[in-house]
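Below you'll find the structure, written out as structure tokens, and then a few comments.
Numbering (my numbering), first residue to last: 5 to 159.
Laid out in structure tokens, this is it:
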């Protein structure tokens, strides 16, 4: 448990990996073949899992490769990681089927026990299109521009 807490505090969430679509069967245990393809952060709660960008990963590698004696006190570490605006996002219950998890044994697909619909709150950070609409409204004095597509345009 301490490991999860430390990981969450340091990185801003639990680190997941994209294990790829191909799996190899070993004695009734399915394991991904090949190296991890992408890194993701699960910030917890009802937030979506987001993919780290190449720039975020590169900043992390460069920070880790620095000589600890030469690191300036003012140099900022690249974490905790934050969701970039157009980062790939995956819902937690979809991650296992996409082979995105920490390790093979800790994630079990969620099984819905009832047909009741669940009302999920969406974080604004998980919907970059909504952020763009808010930016448009901010620029236009709280209103959408006249040429903005409306629901009537899609009928």
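Positions of the beta carbon are idealized from the N, C-alpha and C atoms, including for glycine.
Query	Result
C-alpha distance - residue 131 paired with residue 68, whole-angstrom precision	31 Å
Other residues of its chain near residue 52: CB distance less than 7 Å, five sequence neighbours each side excluded	93, 94, 95, 130
Status (buried if at least 16 other CB within 10 Å, exposed otherwise) for residue 154	exposed
Close beta carbons around residue 41, own chain, < 7 Å, minus the five adjacent residues each side	22, 24
For residue 67, the three-state DSSP class (helix, strand or coil)	helix
Three-state class that DSSP yields for residue 55 in the structure shown	strand
Endpoints, alpha helix (DSSP H) assigned at residue 136	132 to 143
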